[in-house]
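S.K.:
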Amino acid sequence: MAEIKTIGIGNDHAAVDMKQEITEYLKELGYQVVNFGTDTAESCDYPEYGAKVGRAVASGQVDAGVLICGTGIGISIAANKIRGIRAAVCSDPVSARLTKEHNNANIIAFGSRIVGIETAKAIVSAWLDADYIGSGRHERRVGQLHALEEE
Ligand code: RB5
Numbered sequence: 003m004a005e006i007k008t009i010g011i012g013n014d015h016a017a018v019d020m021k022q023e024i025t026e027y028l029k030e031l032g033y034q035v036v037n038f039g040t041d042t043a044e045s046c047d048y049p050e051y052g053a054k055v056g057r058a059v060a061s062g063q064v065d066a067g068v069l070i071c072g073t074g075i076g077i078s079i080a081a082n083k084i085r086g087i088r089a090a091v092c093s094d095p096v097s098a099r100l101t102k103e104h105n106n107a108n109i110i111a112f113g114s115r116i117v118g119i120e121t122a123k124a125i126v127s128a129w130l131d132a133d134y135i136g137s138g139r140h141e142r143r144v145g146q147l148h149a150l151e152e153e
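Structure representation (structure tokens):
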């Protein structure tokens, strides 16, 4: 992945507050943040927001994405339906680092009902600070992931 400068962020009603806190954190780190999520507590459907961020990443409108719902699961499943997306749900910073190094995850996801804000920040920064090991077995396996999109 090229250098990340612009990050698309998306969320459902379960994660409005965490989205705002993570947005501020990303801005403090120097990233430009584009909000694709909902900003109200009114119940909404996470596939819409996962798809919006997935499309923005896949098209190059943004360099990478952050998705948050109650668990991080539904919204990441939605994003993974978009061709070219590798969205990973993580609840710890080690997994977040490894999913960049090994899977070249272009979207990180987590659950506002699963992790606290400090863990969420640690997940985001571990993922952003890591580099993809873009050779050998990792390159082969990421290629195999995308070959599945042809089925
Ligand atoms: C919303 O209640 C909840 O289902 C959603 O935020 C997410 O956890 C789905 O995977």
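Straight run, no breaks: the sequence shown in the numbering used here ends on number 153. Where a beta carbon is used, it is the ideal one built from N, C-alpha and C, also for glycine. Keep in mind it's a predicted model, so treat the numbers as computed, not measured.
For Q63, which three-state DSSP category applies?
M.R.: For the purposes of this step, residue 63 is identified with residue 61 of the sequence shown, where counting begins at 1. Coil, per DSSP.
S.K.: Could you check what DSSP says for I87 in three-state terms: helix, strand or coil?
M.R.: Position 85 of the sequence shown holds residue 87. Coil, per DSSP.
S.K.: For I24 versus I6, is the C-beta spacing smaller than 8 Å?
M.R.: Counting from 1 along the sequence shown, the entry for residue 24 is found at position 22. Counting from 1 along the sequence shown, the entry for residue 6 is found at position 4. Result no, Cβ atoms of I24 and I6 do not sit closer than 8 Å.
S.K.: Heavy atom of the ligand RB5 less than 7 Å from the Cβ of D14, yes or no?
M.R.: Counting from one through the sequence shown, the residue named residue 14 turns up at place 12. Because some heavy atom of the ligand RB5 lies under 7 Å away, the Cβ of D14 counts as near it: yes.
S.K.: Indicate whether A81 and G56 have their beta-carbon atoms separated by less than 8 Å.
M.R.: As a first step, residue 81 is located in the sequence shown; it is residue number 79 there, counting from the start. As a first step, residue 56 is located in the sequence shown; it is residue number 54 there, counting from the start. Yes.
S.K.: Let me check understanding here. Comparing Cα to Cα, which of G113, I110, I87 and N106 lies closest to L150?
M.R.: Within the sequence shown, residue 150 is the residue found at index 148, counting from 1. It is I87.
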